[in-house]
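First to last, the sequence lines map onto chains Y and L. Whatever position you read off the first sequence (first residue = 1), add 249 for our numbering. Whatever position you read off the second sequence (first residue = 1), add 25 for our numbering. Backbone N, C-alpha and C fix where the C-beta goes; we use that ideal spot for every residue, glycine too. Everything numeric in this text was worked out from a predicted model, so none of it was measured. This report refers to the structure that appears directly beneath it.
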Amino acid sequence: MKRHLISTADLTREDALLILDTAEQMAQVSARSVKKLPTLRGRTVVNLFFEDSTRTRTSFEVAEKRLSADVVNFSAKGSSVSKGESLKDTALTLQAMGADAVVIRHSASGAPKLLADSDWLHGSVVNAGDGTHEHPTQALLDAFTMRRHLNPGVGHDLAGRRVTIVGDVLHSRVARSNVHLLHTLGAEVTLVAPPTLMPFGVETWPCQASYDLDAALTKADAVMMLRVQRERMNAAFFPTQREYTRRYGLDVRRLGLLPDHAIVMHPGPMVRGMEIESTIADSDRAVIVEQVANGVSVRMAVLYLLLGGSEPAITTTSETHANEELSK
Amino acid sequence: MTHYLIRNARILGGDPQDIRIADGLIAEIGAGLEARDGEQELAADGLIALPGLVDLHTHLREPGREDAETVYTGTRAAAKGGFTAVHAMANTFPVADTAGVVEQVWRLGRESGYCDVQPIGAVTVGLEGKKLAELGAMADSAAQVRVFSDDGKCVDDAVIMRRALEYVKAFGGVVAQHAQEPRLTEGAQMNEGVVSGELGLAGWPAVAEESIIARDVLLAAHVGSRLHVCHLSTAGSVEIIRWAKSKGWDVTAEVTPHHLLLTDELVRSYDAVYKVNPPLRTEADVLALREALADGTIDIVATDHAPHPAEDKQCEWSAAAMGMVGLETALSVVQSAMVDTGLMGWAEVAERMSAKPAAISGIPGHGRPVSVGEPANLVLFDAQYRGQVNPDSFATRSRNTPYRGLDLSGRVVATFLRGEAKVLDGELV
Numbered sequence: 250m251k252r253h254l255i256s257t258a259d260l261t262r263e264d265a266l267l268i269l270d271t272a273e274q275m276a277q278v279s280a281r282s283v284k285k286l287p288t289l290r291g292r293t294v295v296n297l298f299f300e301d302s303t304r305t306r307t308s309f310e311v312a313e314k315r316l317s318a319d320v321v322n323f324s325a326k327g328s329s330v331s332k333g334e335s336l337k338d339t340a341l342t343l344q345a346m347g348a349d350a351v352v353i354r355h356s357a358s359g360a361p362k363l364l365a366d367s368d369w370l371h372g373s374v375v376n377a378g379d380g381t382h383e384h385p386t387q388a389l390l391d392a393f394t395m396r397r398h399l400n401p402g403v404g405h406d407l408a409g410r411r412v413t414i415v416g417d418v419l420h421s422r423v424a425r426s427n428v429h430l431l432h433t434l435g436a437e438v439t440l441v442a443p444p445t446l447m448p449f450g451v452e453t454w455p456c457q458a459s460y461d462l463d464a465a466l467t468k469a470d471a472v473m474m475l476r477v478q479r480e481r482m483n484a485a486f487f488p489t490q491r492e493y494t495r496r497y498g499l500d501v502r503r504l505g506l507l508p509d510h511a512i513v514m515h516p517g518p519m520v521r522g523m524e525i526e527s528t529i530a531d532s533d534r535a536v537i538v539e540q541v542a543n544g545v546s547v548r549m550a551v552l553y554l555l556l557g558g559s560e561p562a563i564t565t566t567s568e569t570h571a572n573e574e575l576s577k
Numbered sequence: 026m027t028h029y030l031i032r033n034a035r036i037l038g039g040d041p042q043d044i045r046i047a048d049g050l051i052a053e054i055g056a057g058l059e060a061r062d063g064e065q066e067l068a069a070d071g072l073i074a075l076p077g078l079v080d081l082h083t084h085l086r087e088p089g090r091e092d093a094e095t096v097y098t099g100t101r102a103a104a105k106g107g108f109t110a111v112h113a114m115a116n117t118f119p120v121a122d123t124a125g126v127v128e129q130v131w132r133l134g135r136e137s138g139y140c141d142v143q144p145i146g147a148v149t150v151g152l153e154g155k156k157l158a159e160l161g162a163m164a165d166s167a168a169q170v171r172v173f174s175d176d177g178k179c180v181d182d183a184v185i186m187r188r189a190l191e192y193v194k195a196f197g198g199v200v201a202q203h204a205q206e207p208r209l210t211e212g213a214q215m216n217e218g219v220v221s222g223e224l225g226l227a228g229w230p231a232v233a234e235e236s237i238i239a240r241d242v243l244l245a246a247h248v249g250s251r252l253h254v255c256h257l258s259t260a261g262s263v264e265i266i267r268w269a270k271s272k273g274w275d276v277t278a279e280v281t282p283h284h285l286l287l288t289d290e291l292v293r294s295y296d297a298v299y300k301v302n303p304p305l306r307t308e309a310d311v312l313a314l315r316e317a318l319a320d321g322t323i324d325i326v327a328t329d330h331a332p333h334p335a336e337d338k339q340c341e342w343s344a345a346a347m348g349m350v351g352l353e354t355a356l357s358v359v360q361s362a363m364v365d366t367g368l369m370g371w372a373e374v375a376e377r378m379s380a381k382p383a384a385i386s387g388i389p390g391h392g393r394p395v396s397v398g399e400p401a402n403l404v405l406f407d408a409q410y411r412g413q414v415n416p417d418s419f420a421t422r423s424r425n426t427p428y429r430g431l432d433l434s435g436r437v438v439a440t441f442l443r444g445e446a447k448v449l450d451g452e453l454v
């Protein structure tokens with residue numbers, strides 16, 4: 250594993266499987282009455298969030314606490330950042346405070362890479378979503394969820410599985426990270442979006458691209474609906490919400506096009522009724538709540554591995570109990 | 026005033042000759058000239074002698090952003106780059122849209138003493154694109170402005186552009202357009218293409234440049250005026266200029282050194298040193314620009330020297346300022362992109378970087394051939410030199426160069442302005 254997690258494009262198949270397999274071990278911790286490991290005791294992890302994201306920040310925070318890390322939440326709102334402090338000065342401050350890892354969420358694409366490539370910080374940098382670039386831990390939790398349903402088992406990948414990702418691909422960091430990771434894991438990805446929301450040069454990406462959702466659904470093992478921000482409507486990316494829903498929303502008719510075993514995913518937050526019909530979001534075909542739970546396990550795995558975990562996170566039953574005792 | 030006898034310089038890359046400089050003029054050229062009393066002899070074996078370079082597109086930042094550059098530091102950088110005249114863009118604070126501001130810049134240039142500074146006047150008040158600035162007053166001022174540009178912004182209103190093109194005809198002016206359709210480039214961060222799609226950065230499409238150039242060449246032809254297009258960056262723009270010239274229209278165009286060498290692949294680093302407007306384009310664009318400069322479709326090289334302090338570049342890509350410094354590396358980059366590749370000889374370099382830019386602006390005493398009786402504005406260049414670019418040695422106040430640590434060909438050894446050495450042995454005098 251590299252020192253930082255910036256992009257899923259940086260992950261080899263072995264790296265990705267190591268994270269997923271480690272996450273399976275972490276999931277066992279989450280199933281216990283005492284959901285805690287001493288693994289990162291004495292290590293400081295800073296959640297550096299320049300952009301609001303309660304879900305992702307909370308997920309990281311839970312993961313960090315389950316690993317016994319000292320957690321510092323640094324929110325840009327109300328901080329020196331809002332007074333004009335630069336990313337560089339913020340990083341230097343965190344370095345001076347001894348941060349072992351920085352989990353960064355930023356509205357600017359590339360901000361985590363800027364931190365990782367600089368000499369401002371010595372710790373690990375984890376990209377928790379940067380602009381419209383990448384959101385690697387979201388892709389890892391998506392892959393983890395897919396593997397559990399479509400090819401369960403430690404060491405397994407997603408070879409031959411077909412994944413359809415639908416919606417605002419142009420502005421989606423989730424889509425970008427998923428395309429890289431799912432390709433690395435052997436899955437076949439099809440992106441579906443109106444032409445205005447399809448990235449320039451998508452034909453060079455390791456996936457298919459289509460404007461026809463119905464056609465893409467019939468062979469999908471998993472369909473992932475993306476969030477469409479309401480301001481896109483005002484920028485003429487598509488005419489109306491109604492037209493978008495008709496052409497790219499997941500409704501009951503379209504659900505019927507999917508193979509019976511196929512799962513429905515959404516990174517959240519959902520716009521019910523527009524992207525996905527409410528009955529589908531709440532149905533047993535949807536694994537949306539599972540994705541949230543799996544997010545904690547995957548983020549535990551990432552932090553554990555980046556911060557030097559070279560042994561299996563959980564080895565034997567006796568050690569597990571010992572760890573549980575230790576953490577009480 | 027020191028008189029010089031330069032030994033064995035290769036004028037435009039030709040056979041070695043001696044050049045005598047006296048009283049601000051090139052006094053004599055020949056082989057084996059005898060030194061006279063009081064003359065300082067300079068060995069120039071192997072060095073190429075070119076007329077002093079003229080930059081039609083320089084940002085000197087003064088007044089207003091003296092932390093980035095001043096006229097003094099900018100002209101010192103120009104001299105180190107072999108330039109004897111630069112044209113200072115109007116996007117200062119306050120904007121150079123009045124006779125008072127352009128005269129201030131012009132006067133600061135005279136006081137600096139390192140190279141001549143010819144101010145460029147804004148086309149519209151405050152660069153806002155709504156109301157013509159007092160173009161005639163700037164033309165009549167001590168600065169004698171002849172080039173007008175809202176550079177940094179596009180004069181996107183077709184009627185304002187038409188009026189500007191018409192109005193400057195009264196005093197032989199030229200409008201230099203920054204071609205950028207604003208609506209197509211809202212929030213744009215880099216070239217729109219495969220790389221922008223992958224990086225999740227908003228794209229600056231080629232058509233946003235090309236559509237404005239197409240409109241403007243038609244407008245210029247319609248009103249019978251002169252149009253100069255700043256910093257061409259796309260293959261499509263080249264085709265439009267080529268077409269306009271084939272019609273016999275009075276259109277000229279420039280390309281920057283960085284657009285001749287660098288591509289948008291560099292943006293993958295998210296290092297804001299590569300953030301520039303217009304953005305770095307693709308390899309195909311670079312090759313088309315080189316070809317167009319070689320065949321004369323693109324008339325000149327202009328640096329678009331855009332100094333920014335470190336804090337404006339060491340930040341998130343989307344927050345970073347656009348632009349890069351270029352005066353001190355321009356000739357080396359042109360050598361690497363055009364001469365070392367066999368596309369141009371030194372005579373063409375002199376044409377594109379001295380004679381033509383001087384002709385477009387009408388600046389007196391510059392862009393003249395290296396001939397007896399001409400003003401001794403001269404640069405001696407070591408084309409054999411190979412070395413890494415070290416920004417710490419720059420004279421410009423800012424360090425935002427994309428060439429840090431890169432091996433580039435050539436080095437300016439000496440620069441003379443009206444017979445006075447401003448740079449000797451690569452160092453400012």
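| message | Give me, in chain order, the residues of the same chain whose beta-carbon lies closer than 6 Å to that of Y/ALA550; leave out the 5 immediate sequence neighbours on both sides. | response | One-based indexing of the first sequence puts residue 550 of chain Y at position 301. Excluding residues within five positions, the ones whose Cβ falls inside 6 Å are ILE268, THR271, ALA272 and MET275.
| field | C-beta atoms of L/GLU153 and L/ASP181 nearer than 8 Å | value | In the second sequence, residue 153 of chain L corresponds to position 128, counting from 1. In the second sequence, residue 181 of chain L corresponds to position 156, counting from 1. The Cβ atoms of L/GLU153 and L/ASP181 do not sit closer than 8 Å to each other.
| task | Measure the Cβ-Cβ separation of L/ALA74 and L/ARG32 and say whether it is below 8 Å. | result | Taking the first residue of the second sequence as position 1, residue 74 of chain L is located at position 49. Taking the first residue of the second sequence as position 1, residue 32 of chain L is located at position 7. No. Outside cutoff.
| query | When the Cα atoms are used, what is the spatial distance from L/GLN413 to L/SER434? | reply | The residue labelled residue 413 of chain L in the question sits at position 388 within the second sequence. The residue labelled residue 434 of chain L in the question sits at position 409 within the second sequence. So the alpha carbons of these two residues sit roughly 9 Å apart.
| Taking the alpha-carbon positions, what's the L/GLY273 to Y/ASP368 distance? | Mapped onto the second sequence, residue 273 of chain L falls at position 248. Mapped onto the first sequence, residue 368 of chain Y falls at position 119. Each residue's alpha carbon lies about 55 Å from the other.
| field | Closer than 8 Å at the beta carbon, the chain L residues around Y/GLY450 | value | Here residue 450 of chain Y corresponds to residue number 201 of the first sequence, with the count starting at 1. Those within 8 Å of Y/GLY450 in chain L are GLY218, VAL219, VAL220, SER221, GLY222 and GLU223.
| query | Just curious, the beta strand (DSSP E) that L/ARG32 is in, first and last residue? | reply | By 1-based counting over the second sequence, the position of residue 32 of chain L is 7. It spans 28-36 - the beta strand (DSSP E) in which L/ARG32 sits, taken as one unbroken run.
| task | With 8 Å as the threshold, decide whether the Cβ of Y/LEU247 is near any Cβ in chain L. | result | In this structure chain Y extends from 250 to 577, so residue 247 of chain Y is not present and cannot be described.
| Bridge partners - L/THR339, DSSP secondary structure assignment | To locate residue 339 of chain L, count along the second sequence from 1; it is residue 314. The question names Thr, yet the displayed sequence has Gln at residue 339 of chain L. DSSP output for L/GLN339 lists no bridge partner at all.
| request: Kindly identify the DSSP beta-bridge partner or partners of Y/PHE486. | output: Here the question's residue 486 of chain Y lines up with position 237 in the first sequence. Answer is none; Y/PHE486 lacks a bridge partner.
| request: Check L/GLN409 in the structure and name its three-state DSSP category. | output: In the second sequence, counting from the first residue as 1, residue 409 of chain L sits at position 384. Reduced to three states, the DSSP call for L/GLN409 is strand.
| request: Report yes or no: do three or more beta-carbon pairs, one from the stretch 376-394 of chain Y and one from the stretch 346-357 of chain Y, lie closer than 8 Å? | output: Verdict: yes, contact present.
| task | Spell out whether any CB of chain L is found under 8 Å from the CB atom of Y/ASP259. | result | For the purposes of this step, residue 259 of chain Y is taken as the residue at position 10 of the first sequence. Closer than 8 Å: no.
| Cβ-Cβ separation, Y/ARG410 to Y/LYS468 (assumed contact under 8 Å), whole Å | Position 219 of the first sequence, counted from the first residue, corresponds to residue 468 of chain Y. Position 161 of the first sequence, counted from the first residue, corresponds to residue 410 of chain Y. Not confirmed; about 10 Å, so no contact.
| query | With a cut-off of 8 Å, does the C-beta of Y/THR355 fall near any C-beta of chain L? | reply | Start at 1 with the first residue of the first sequence, and residue 355 of chain Y comes out as number 106. Per the sequence shown, the amino acid found at residue 355 of chain Y is His instead of Thr. Output row for Y/HIS355: interface = yes.
| field | Cross-chain neighbours of Y/ARG425 in chain L, by beta carbon under 8 Å | value | Along the first sequence, one-based indexing puts residue 425 of chain Y at 176. Result: GLU223 and GLY225.
| said: Does any residue of chain L have a CB that is nearer than 8 Å to the CB of Y/ALA360? | reply: Residue numbering aside, residue 360 of chain Y sits at position 111 when the first sequence is read from its first letter. Yes, Y/ALA360 counts as interfacial toward chain L.
| query | Residues in its own chain within less than 6 Å of Y/GLY544 by CB, not counting five upstream and five downstream? | reply | Taking the first sequence and counting its residues from 1, one reaches residue 544 of chain Y at position 295. Result list for Y/GLY544: SER308 and LEU390, in chain order.
| message | Give me the chain L residues within the contact set of Y/ARG422, using Cβ-Cβ distance strictly less than 8 Å, ordered along the chain. | response | Start at 1 with the first residue of the first sequence, and residue 422 of chain Y comes out as number 173. Going along chain L in sequence order, the residues near Y/ARG422 (Cβ under 8 Å) are GLY225.
| field | Residue environment, L/VAL397, which counts as buried when at least 16 other CB atoms sit within 10 Å | value | In the second sequence, the residue the question calls residue 397 of chain L occupies position 372. Exposed is the call here.
| For the beta strand (DSSP E) that L/GLN65 lies in, which residues bound it at each end? | Numbered from 1 along the second sequence, position 40 holds the residue referred to as residue 65 of chain L. Here the beta strand (DSSP E) through L/GLN65 covers 64-68.
| query | Within the chosen definition, does the stretch 50-58 of chain L reach the stretch 85-97 of chain L through at least 3 CB pairs nearer than 8 Å? | reply | no
| Would you say L/CYS340 faces chain Y, with C-beta separation under 8 Å as the test? | For this step, residue 340 of chain L is matched to residue 315 along the second sequence. With 8 Å as the cut-off, L/CYS340 counts as an interface residue toward chain Y.
| field | Neighbour-count burial assignment, L/ASP80, 16 or more Cβ in a 10 Å radius | value | Residue mapping note: residue 80 of chain L aligns to position 55 of the second sequence, counting from 1. By the 10 Å Cβ count, L/ASP80 comes out buried.
| query | Can you find a CB in chain L that lies within less than 8 Å of the CB of Y/SER317? | reply | For the purposes of this step, residue 317 of chain Y is taken as residue 68 along the first sequence, with counting starting at 1. No, its Cβ sits nowhere closer than 8 Å to a Cβ of chain L.
| message | I want to verify the contact list: residues of chain Y whose CB lies under 7 Å from the CB of L/GLU336, in sequence order. | response | The residue you call residue 336 of chain L lines up with position 311 of the second sequence. Near L/GLU336 (Cβ distances below 7 Å), the residues of chain Y are SER335.
| query | Mind checking if L/TYR295 is an interface residue toward chain Y, Cβ cutoff 8 Å exclusive? | reply | Looking up residue 295 of chain L in the second sequence gives position 270. Chain Y, which has a Cβ nearer than 8 Å to the Cβ of L/TYR295, makes this yes.
| field | Local Cβ density within 10 Å of L/ASP43, reported as buried at 16 or more and exposed below that | value | Position 18 of the second sequence, counted from the start, is the residue given in the question as residue 43 of chain L. It counts as buried.
| query | Measuring CA to CA, which of L/SER174, L/TRP371 and L/ALA345 is closest to L/LEU356? | reply | For the purposes of this step, residue 356 of chain L is taken as residue 331 along the second sequence, with counting starting at 1. Per the C-alpha coordinates, the member of L/SER174, L/TRP371 and L/ALA345 positioned closest to L/LEU356 is L/TRP371.
| said: Residues of chain Y with CB closer than 9 Å to the CB of L/SER343, please, in chain order. | reply: As a first step, residue 343 of chain L must be located in the second sequence, where it is residue number 318. Residues of chain Y passing the Cβ test: SER356, ALA357, SER358, GLY359, ALA360 and GLY380.
| field | Distance, Y/LEU407 Cα to Y/ARG281 Cα | value | To locate residue 281 of chain Y, count along the first sequence from 1; it is residue 32. To locate residue 407 of chain Y, count along the first sequence from 1; it is residue 158. Y/ARG281 and Y/LEU407: Cα-Cα distance of roughly 28 Å.
| Residues that Y/GLY453 contacts on chain L, provided the C-beta gap is smaller than 9 Å | Reading the first sequence from its first residue, position 204 is the one you call residue 453 of chain Y. It should be pointed out that residue 453 of chain Y corresponds to Thr in this sequence rather than to Gly. The contacting residues are VAL219, GLY222 and GLU223.
| request: Check whether the Cβ of L/GLY228 lies closer than 8 Å to any Cβ atom in chain Y. | output: The residue labelled residue 228 of chain L in the question sits at position 203 within the second sequence. With 8 Å as the cut-off, L/GLY228 counts as an interface residue toward chain Y.
| Cα-Cα separation, L/CYS340 to Y/LEU336 | By 1-based counting over the second sequence, the position of residue 340 of chain L is 315. By 1-based counting over the first sequence, the position of residue 336 of chain Y is 87. Rounded to the nearest angstrom, the two C-alpha atoms are 6 Å apart.
| message | If we require 3 or more residues per run, which beta strand (DSSP E) segments fall completely within the stretch 498-560 of chain Y? | response | 512-514
| request: Identify which residue in L/SER236, L/ILE145 and L/VAL219 has its Cα closest to the Cα of L/PHE173. | output: As a working note, residue 173 of chain L is residue 148 in the second sequence. Of L/SER236, L/ILE145 and L/VAL219, the residue nearest in Cα terms is L/ILE145.
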